[in-house]
Each structure stands twice: as C-alpha cells, then as structure tokens.
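Contents: one structure, followed by commentary.
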Amino acid sequence: MSNNCTKLSVECPVELSVYGYLPSIPANGFFLGFFALFGLLNLGLGIRYKTWSYMVALCLGCLTETIGYVGRIIMHSNPFADSGFITQICCLIIAPAFNSAAIYLTLKHVALCFGPEYSYIKPRFYTYIFICADFISLLLQAIGGALASTADTQDEQDLGDNLMMAGISWQVAALAFFAATAAVYIVRVKRGMRRTPLSLEAAATLKDTKFRLFALGVVTAWLTIFIRCVYRIIEMAGGWKNSIMQDETGFIVLEGVMIVIATACQTIFHPGFCFPRLSSRWTSEYSEVETTKASQDVSMEDLRTSDTAYTGGRHDGSANA
Numbered sequence: 001m002s003n004n005c006t007k008l009s010v011e012c013p014v015e016l017s018v019y020g021y022l023p024s025i026p027a028n029g030f031f032l033g034f035f036a037l038f039g040l041l042n043l044g045l046g047i048r049y050k051t052w053s054y055m056v057a058l059c060l061g062c063l064t065e066t067i068g069y070v071g072r073i074i075m076h077s078n079p080f081a082d083s084g085f086i087t088q089i090c091c092l093i094i095a096p097a098f099n100s101a102a103i104y105l106t107l108k109h110v111a112l113c114f115g116p117e118y119s120y121i122k123p124r125f126y127t128y129i130f131i132c133a134d135f136i137s138l139l140l141q142a143i144g145g146a147l148a149s150t151a152d153t154q155d156e157q158d159l160g161d162n163l164m165m166a167g168i169s170w171q172v173a174a175l176a177f178f179a180a181t182a183a184v185y186i187v188r189v190k191r192g193m194r195r196t197p198l199s200l201e202a203a204a205t206l207k208d209t210k211f212r213l214f215a216l217g218v219v220t221a222w223l224t225i226f227i228r229c230v231y232r233i234i235e236m237a238g239g240w241k242n243s244i245m246q247d248e249t250g251f252i253v254l255e256g257v258m259i260v261i262a263t264a265c266q267t268i269f270h271p272g273f274c275f276p277r278l279s280s281r282w283t284s285e286y287s288e289v290e291t292t293k294a295s296q297d298v299s300m301e302d303l304r305t306s307d308t309a310y311t312g313g314r315h316d317g318s319a320n321a
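According to full-length UniProt numbering, the stretch in the sequence shown is residues 1 to 321, in order.
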C-alpha cells in the first residue's frame with residue numbers, strides 16, 4: 001500500500017500514505033452516522049410500504065457506505081492500516097451502484113403508469129437491462145477494489161485500479177443510457193398527449209405534488225451519482241497518491257456529500273408515499289381490483305346470456321301456443 005510502513009512514525013509520516021492525510025473524524029463520523037440512520041429509515045419505510053426491491057437496494061447502499069466510513073475512521077488512527085484501507089476502498093467504491101439500482105427500478109413503473117405504448121422497450125425489460133448493467137459495474141469495481149487493496153506488486157495494483165475505473169466507467173455509461181431512455185420516453189409521452197388524453201390515473205399522478213417531488217428526487221439522485229462517478233474516474237486516472245486522491249476536501253464534497261444528497265432524495269421522497277405504484281402493495285390491490293372487475297364483467301355477461309335465453313324461451317312458448 002505504501003512502502004513498508006505499518007504505522008505512523010518519524011520514518012513513516014502521514015505524507016507517505018496513499019491519501020497523504022489523516023481522514024477527518026468529524027466529516028467521516030457524520031457520513032457514518034448519516035448512512036447508518038438512513039439505512040434504518042429505508043428498512044422501516046420498505047417494510048411499511050412493501051417496496052421490497054427499492055428497500056434492498058438502498059439498505060445495501062447505506063450498509064456499504066457505513067462500513068466504508070468505519071474504514072476511513074480506522075485510517076485516522078493509522079493511515080497505513082491495511083484493514084482500514086481495504087474496508088474503505090472496497091465499500092465506498094461499490095456503494096453508489098446500489099443507489100443507481102434503486103433509480104433503475106423506477107422507470108418501469110413510470111412507463112406502466114403513463115403508457116407503455118410510448119416506450120420503445122417493453123417496461124418489464126427496463127429492470128432487467130439496467131440492473132444487469134449495474135451488476136456488471138458492481139462486479140468490476142468489487143474485483144478491482146479487492147485486487148488493488150491486497151496487491152503485492154505494482155502490476156497487480158495497476159490491474160485493480162484499471163478494473164475499478166472500468167467498473168465506474170461502465171456505471172457512467174449505464175447512467176447515461178438510462179437518462180437518454182427516460183428522456184426519449186418523456187418526449188414521446190408529451191407528444192402523445194397532444195393526440196390522446198392521459199388515462200385518469202396518469203393525469204392524477206402528473207398533477208400530484210408528491211409525484212413531482214419524487215421525480216425531482218430521482219433526477220437529483222441521478223445527477224449527484226453521475227458527478228461522483230466522474231470524479232472517481234478522474235481521481236483514479238492519475239494513479240495512486242496523485243494530487244486529486246490526496247485532496248480530502250474534494251473527496252468529502254464530490255464523494256461523501258454527493259451520495260448523501262442522493263440517499264436523502266431517495267429516502268425523503270420515498271416512492272412508498274410519493275409514487276405508490278412502485279410498491280408491491282399497490283400491485284396487490286391493483287390485481288385485486290382487476291380480478292373483481294373481471295368477475296363483474298363475467299357476471300354481467302352471464303346475466304345477459306341468461307336473459308337472452310329466457311326471452312327466447314318465452315317467444316318459443318308463445319309461438320307454440
């Protein structure tokens with residue numbers, strides 16, 4: 001990780017460590033507390049509103065962020081500690097991929113609400129496409145982080161660094177493709193509204209302030225995650241111990257604060273109360289309503305058939321008389 005240093009000493013000053021500074025206790029303590037709290041909030045909201053997939057994504061994101069900042073606090077005591085370095089590099093690199101996954105879950109339900117006919121891709125495929133892309137990104141970053149943090153040679157460290165960069169670059173590409181797909185869908189919906197009015201559900205959703213806040217939250221989360229990913233690519237492109245990597249203020253703002261904003265938006269404007277269509281409870285209630293309507297339609301059809309038969313029978317009886 002850094003020469004043969006294992007702890008701070010006159011021969012091993014902090015400047016020789018990977019980051020060249022002692023990670024701030026107040027800043028990293030805040031991030032640790034924030035993500036621990038919001039992880040619990042998302043667990044509670046997910047159970048309350050039955051947004052299972054969304055809950056899992058954000059809880060995993062908050063958990064890995066929390067563990068990552070534990071690693072940075074360990075590095076405050078000893079910037080050469082392998083345990084702290086490995087923990088923080090592996091966890092903080094992959095954590096935002098879970099926030100991205102939560103974003104990707106939303107487009108399918110938005111398309112189903114406002115009209116699947118406006119989408120070039122069948123809504124059910126959105127989740128598969130983007131979650132698979134996110135998984136590839138996660139895998140590359142995890143393998144790269146593990147290699148870089150445990151490397152014994154410069155070549156192994158460079159390989160790990162390159163894999164992490166590839167994973168984050170893939171994440172940026174997936175985020176960009178998601179934004180383009182969502183933008184095309186929105187444009188098609190707006191054009192379609194000129195010819196055909198929205199359904200009652202879609203019209204009511206569009207006017208709902210809570211849904212608008214939810215949409216704003218998703219856009220803000222997307223933007224902050226995108227900024228963070230670009231920052232990470234630039235940071236790693238310069239190699240270990242470069243000036244950007246050793247700038248703690250830049251890290252706090254462009255890594256920590258960006259993901260805090262993303263997580264806050266995804267939690268405060270939670271789909272459970274801002275866009276209930278995303279919850280399994282809505283799906284269950286919707287299916288129940290559809291089943292009831294179908295049963296009523298069948299009953300009415302049976303009634304009409306019986307009435308026709310009865311009327312026909314009366315006519316036949318009159319003719320025979």
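Note that CB positions come from ideal geometry on N, CA and C, so glycine has one too.
Since the model is a prediction, treat every value here as computed from it, not as a measurement.
Go through its chain and collect everything with a Cβ distance to Ala133's Cβ below 6 Å, but skip five positions before and after it. Ala174.
Can you give me the Cβ contacts of Ile143 inside the same chain, cut-off strictly under 7 Å, excluding the 5 residues immediately before and after it? The residues are Leu163.
My understanding is that residue 376 touches Glu235, with C-beta atoms under 8 Å, so please give their C-beta distance in whole angstroms. Missing from the structure shown is residue 376; the chain here goes from 1 to 321 and no further.
State the start and end residues of the unbroken alpha helix (DSSP H) segment that holds Asp134. Here the alpha helix (DSSP H) through Asp134 covers 123-150.
Alpha carbon to alpha carbon, how far is Gly84 from residue 359? Give it in angstroms, no decimals. Absent from the model: residue 359. The displayed extent of the chain is 1 to 321, so no value can be given.
Specify the secondary structure class of Trp240 as computed by DSSP and reduced to three states. In the structure shown, Trp240 sits in coil (DSSP, three-state: anything other than H, G, I, E or B).
Using a Cβ-Cβ cutoff of less than 6 Å, which residues in the same chain neighbour Gly192 once the five nearest sequence positions on both sides are dropped? Within its own chain, the residues whose Cβ lies closer than 6 Å to the Cβ of Gly192, once the five positions on either side in sequence are excluded, are Tyr118, listed in chain order.
Between Gly115 and the ligand GDP, is the CB less than 8 Å from at least one heavy atom? This structure lacks the ligand GDP, and indeed carries no ligand of any kind.
Would a C-beta distance cut-off of 9 Å place Phe211 and Phe275 closer than the cut-off? Yes. Within cutoff.
Pro13 burial status per 10 Å Cβ neighbour count (16 or more: buried): Taking a 10 Å sphere around the C-beta of Pro13, we find fewer than 16 other C-beta atoms and assign the residue as exposed.
Using only CA atoms, which one of Val219, Ile252, Leu200, Val218 lies nearest to Tyr231? Looking at the Cα atoms, Ile252 is the closest of the given residues.
Do the CB positions of Trp170 and Leu140 come within less than 9 Å of each other? Yes, Cβ-Cβ distance for Trp170 and Leu140 is below 9 Å.
With a threshold of 7 Å on Cβ separation, who are the neighbours of Phe214 within its own chain once the five nearest residues in sequence on each side are excluded? Cβ neighbours of Phe214 within its own chain (closer than 7 Å, five residues either side excluded): Phe269, Pro271, Cys274, Phe275.
Reduced DSSP category for Ala81 - H, G, I as helix; E, B as strand; rest coil: Residue state for Ala81 is assigned as coil, using DSSP reduced to three classes.
Would you check if the distance between the CB atom of Leu198 and the CB atom of Gly256 is smaller than 9 Å? No.
Distance, Tyr69 Cα to Ala36 Cα: If you take the alpha carbons of Ala36 and Tyr69, they lie about 10 Å apart.
For Thr249, the first and last residue of its enclosing alpha helix (DSSP H): 248-251 is the extent of the alpha helix (DSSP H) around Thr249.
Between which residues of its own chain and Ser53 is the CB-CB distance below 7 Å, once the five residues before and five after are set aside? Excluding its 5 nearest sequence neighbours in each direction, Ser53 has C-beta neighbours in its own chain below 7 Å: Leu105, listed in chain order.
Are the beta-carbon atoms belonging to Leu138 and Gly160 less than 9 Å from one another? No, they are not a contact pair.
Cβ-Cβ separation, Thr66 to Gly44 (assumed contact under 8 Å), whole Å: Going by Cβ atoms, the distance from Gly44 to Thr66 rounds to 16 Å, so no, they are not a contact pair.
In whole angstroms, give me the CA-to-CA distance for Ala262 and Tyr49. Each residue's Cα considered, the two are about 20 Å apart.
By the DSSP assignment, the alpha helix (DSSP H) with Tyr185 in it spans what residues? If you look at Tyr185, you'll find it in the alpha helix (DSSP H) that goes 154-195.
Would you kindly report the start and end of the unbroken alpha helix (DSSP H) that includes Tyr118? From DSSP, Tyr118 is part of no alpha helix (DSSP H); its letter is neither H nor E.
Where does the unbroken alpha helix (DSSP H) through Pro26 begin, and where does it stop? Annotation: the continuous alpha helix (DSSP H) that includes Pro26 extends over 25-49.
If you follow the alpha helix (DSSP H) that Lys7 is in, where does it begin and where does it stop? According to the DSSP assignment, Lys7 belongs to no alpha helix (DSSP H), since it is labelled neither H nor E.
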